[in-house]
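Notes follow the structure.
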Amino acid sequence: MRFDISKKYILFAVDKNCEERKLHFYIDDNKFMEFDIRLAEGEAKYYFPMDVSNFFGRVIDIRVGCGNSESINCGDGEETAEKVDIESDADEKVLKASVGLSDEKPRLNYKYRPRLHFTAEMGWINDPNGLIYKDGLFHMYYQWNPYGIDWGNMHWGHAVSKNLIDWECLDTALTPDDYGTVYSGCAFSDDKNAAGFGAGSIIYFYTASGGRNEWSASKGRKHVQRIAVSNDNGYTLRKKCTVVEHIADENRDPKVFWHEESKAYIMILYLEGNDFVILRSDDLIHWKESCKFTADKMWECPDLFKLKVEGSDETKWVFWSADGYYMIGEFDGYTFKKESNMLFAYGSKLGYAAQTFAGIDDRCISVAWLRTENDKGGFRGMMAIPMEMSLKRTEKGYRINIKPVRELWDRFKTVREFKIIERFEEKLNDKPVAIVVDWNDKPQELAENTEDVEGTRVGMDENYCNMRNTTDSKRDSIDECCSKIKNSGTVTTKKIRIGDIGLDINESDHKMVIIIDNGIITYISNDGERYTEIEAPEDILSKNLSIEGMEGIIRIYE
Numbered sequence: 001m002r003f004d005i006s007k008k009y010i011l012f013a014v015d016k017n018c019e020e021r022k023l024h025f026y027i028d029d030n031k032f033m034e035f036d037i038r039l040a041e042g043e044a045k046y047y048f049p050m051d052v053s054n055f056f057g058r059v060i061d062i063r064v065g066c067g068n069s070e071s072i073n074c075g076d077g078e079e080t081a082e083k084v085d086i087e088s089d090a091d092e093k094v095l096k097a098s099v100g101l102s103d104e105k106p107r108l109n110y111k112y113r114p115r116l117h118f119t120a121e122m123g124w125i126n127d128p129n130g131l132i133y134k135d136g137l138f139h140m141y142y143q144w145n146p147y148g149i150d151w152g153n154m155h156w157g158h159a160v161s162k163n164l165i166d167w168e169c170l171d172t173a174l175t176p177d178d179y180g181t182v183y184s185g186c187a188f189s190d191d192k193n194a195a196g197f198g199a200g201s202i203i204y205f206y207t208a209s210g211g212r213n214e215w216s217a218s219k220g221r222k223h224v225q226r227i228a229v230s231n232d233n234g235y236t237l238r239k240k241c242t243v244v245e246h247i248a249d250e251n252r253d254p255k256v257f258w259h260e261e262s263k264a265y266i267m268i269l270y271l272e273g274n275d276f277v278i279l280r281s282d283d284l285i286h287w288k289e290s291c292k293f294t295a296d297k298m299w300e301c302p303d304l305f306k307l308k309v310e311g312s313d314e315t316k317w318v319f320w321s322a323d324g325y326y327m328i329g330e331f332d333g334y335t336f337k338k339e340s341n342m343l344f345a346y347g348s349k350l351g352y353a354a355q356t357f358a359g360i361d362d363r364c365i366s367v368a369w370l371r372t373e374n375d376k377g378g379f380r381g382m383m384a385i386p387m388e389m390s391l392k393r394t395e396k397g398y399r400i401n402i403k404p405v406r407e408l409w410d411r412f413k414t415v416r417e418f419k420i421i422e423r424f425e426e427k428l429n430d431k432p433v434a435i436v437v438d439w440n441d442k443p444q445e446l447a448e449n450t451e452d453v454e455g456t457r458v459g460m461d462e463n464y465c466n467m468r469n470t471t472d473s474k475r476d477s478i479d480e481c482c483s484k485i486k487n488s489g490t491v492t493t494k495k496i497r498i499g500d501i502g503l504d505i506n507e508s509d510h511k512m513v514i515i516i517d518n519g520i521i522t523y524i525s526n527d528g529e530r531y532t533e534i535e536a537p538e539d540i541l542s543k544n545l546s547i548e549g550m551e552g553i554i555r556i557y558e
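Heads up, the sequence shown is in the UniProt record's numbering, so the first residue is 1 and it goes up one at a time.
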């Protein structure tokens with residue numbers, strides 16, 4: 001089927017319940033794209049756009065082949081002819097009925113889209129990639145299927161933010177090609193011009209997953225590590241070359257940083273099973289293996305970073321993998337020497353593939369993908385609220401502490417604050433909230449992370465004694481209020497419930513932060529000692545909140 005490109009987008013009508021088809025795109029018999037998609041065979045709920053503005057005035061030929069490219073194995077690497085099935089009359093009919101041109105991109109105004117957690121405008125997302133802070137902006141790239149709500153067709157999406165909470169989605173950063181689909185990777189600002197692309201250029205390291213699409217399988221490609229370069233602060237990425245050839249199986253997920261002590265660029269890379277490799281470079285292009293090691297139960301999406309121990313000048317290195325497993329140790333630029341057994345940073349299995357930001361020297365900020373099933377709005381998956389990590393020395397050794405970034409608190413406009421005796425209840429009002437519960441019963445102290453919140457009283461009502469507008473400049477004293485507190489006899493167990501979801505509270509939990517957003521609850525206790533993500537009904541913000549326990553202070557941020 002041929003299209004004369006006269007508008008900015010090709011729109012594809014999609015139905016997740018229909019058969020998957022593979023589309024191949026050509027100009028003058030030269031292939032430039034392929035992807036799998038479930039074209040609607042009747043009325044469509046969603047239209048997924050493909051930006052073709054670079055092809056104005058040209059003719060694109062779309063051919064239909066088999067689906068499910070991500071199951072292809074490239075075998076022994078011998079080059080084979082690419083197979084494109086001949087279109088049937090049925091395929092041609094479906095294609096004509098479900099594909100059209102438009103100058104407007106479809107917009108999804110889904111009522112239950114998360115508001116504090118990043119989601120793609122449309123389509124599936126998974127791993128965060130290329131996290132970097134550059135010239136006042138946080139850049140987040142991510143694994144993205146722009147043509148469906150299931151995993152596949154791996155592109156890099158791109159979003160930017162000034163505050164780590166409110167994100168703007170930008171144009172697609174990287175697309176699949178004859179080297180494979182675009183798997184996970186990282187970003188590094190080459191301020192020394194080591195790679196020769198210009199001082200301050202951003203180098204993007206990513207895995208080209210050879211054999212994961214027909215295009216690359218036909219050329220016998222395997223997984224290799226390639227780079228793309230941006231000379232406009234991350235807005236435009238240009239693919240360059242392979243920098244690490246195939247080592248083992250589906251070796252993937254490069255993370256790169258500068259190691260000052262040994263004066264070298266370091267890459268940590270997943271190999272296969274529970275095996276990883278550390279490589280070194282002088283120029284970000286040519287890499288030499290330093291050491292291989294096995295980390296039992298740990299696999300893919302590695303990270304290696306230094307953390308400061310709270311309350312001291314001491315630092316330790318952390319080796320991190322996809323599930324939130326980590327080990328404490330030392331790193332000399334050549335070898336990671338573990339000093340702990342494998343530890344687990346999360347209280348649930350929802351968080352995955354977290355990566356730390358490059359370009360931030362005084363903070364360690366991590367973003368994880370949350371493996372949620374929120375597939376009713378034309379998008380699926382979300383990112384966790386960015387978290388700040390540090391180390392704390394405990395009786396059991398060093399442990400990672402995880403807290404929401406301080407920028408989260410600036411996002412809220414009002415704070416309601418009051419004293420609770422034994423029980424509190426209220427109905428949430430369809431807005432994201434952060435709730436700080438302090439069972440230490442110290443009303444003269446504000447919870448950690450709120451000390452910079454200033455304001456003046458903006459209102460009083462029969463339910464709450466004090467409200468503060470966080471955008472004003474003066475702090476009010478704490479007023480106590482008990483109008484929503486129910487005396488129900490002696491309460492010996494701490495309980496927090498949102499709708500039908502009861503949080504797993506330990507009796508030792510004395511201070512908690514609960515963040516509630518559409519479809520997700522984040523729970524952090526004791527200043528970051530425990531961190532848990534819980535998938536919730538998408539309408540959780542309309543449910544009841546109840547808190548039971550000892551006398552304490554509650555602050556509700558809205």
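We put the CB at the ideal spot given by N, CA and C, even for glycine.
Between the segment 124-141 and the segment 348-367 there are three or more inter-stretch CB-CB distances shorter than 8 Å, so the stretches are counted as touching. The beta carbons of A195 and L284 sit about 4 Å from each other, so the pair counts as a contact at 8 Å. Residue burial annotation: R58 is exposed, with fewer than 16 other C-beta atoms found within 10 angstroms of its C-beta.
If you draw a straight line from the Cα of Y326 to the Cα of K7, it comes to about 49 Å. DSSP places K306 inside the beta strand (DSSP E), whose first and last residues are D303 to K308.
DSSP places W299 outside both helix and strand once states are collapsed to three, so it counts as coil. Per DSSP, A353 is one residue of the beta strand (DSSP E) stretching across G351 to T356. With a cutoff of 9 Å on beta-carbon distance, H155 and T181 are scored as near each other. Linking G198 to L279 through their CA atoms gives a straight-line distance of about 23 Å. A straight-line Cα-Cα distance of about 15 Å links I247 and T294.
Buried is the label assigned to C364, since at least 16 other Cβ atoms lie within 10 Å of its Cβ. About 11 Å separates the beta carbon of F32 from that of I62, a gap too long to meet the 8 Å contact definition. Annotated as proximal: E558 and V415, with beta-carbon spacing under 9 Å. One alpha carbon belongs to G347, the other to T394, and they sit about 18 Å apart. Secondary structure note for V94: its alpha helix (DSSP H) is the uninterrupted segment D89 to S98. Taking C-alpha positions only, V277 is separated from E250 by approximately 13 Å. Bounds of the beta strand (DSSP E) holding S281 are D275 to S281.
Here C186 is buried: its Cβ has 16 or more other Cβ atoms, across all protein chains shown, within 10 Å. Its Cα nearest to that of K396, the residue N341 stands out among N341, S184, L304 and P537.
In the pairwise beta carbon analysis, the segment 502-511 is classified as touching the segment 521-537: at least three pairs are separated by under 8 Å. Here the segment 429-438 makes contact with the segment 547-555; the two share three or more CB pairs at distances below 8 Å.
Cβ-Cβ distances below 8 Å link E168 to A159, V160 and S161 in the same chain, with the five nearest sequence neighbours on each side left out; the list follows chain order. Put simply, of S209, S218 and Y204 the residue whose alpha carbon is nearest the alpha carbon of K239 is Y204. In this structure, the beta-carbon distance from T335 to M389 does not fall below 9 Å. Listed in chain order, the non-local C-beta contacts of K192 below 6 Å within the same chain number zero, local neighbours out to five positions each way being set aside.
Per the Cβ contact rule, the segment 373-381 is in contact with the segment 146-153 (3 or more Cβ pairs under 8 Å). D135 and S201 have their C-alpha atoms roughly 12 Å apart.
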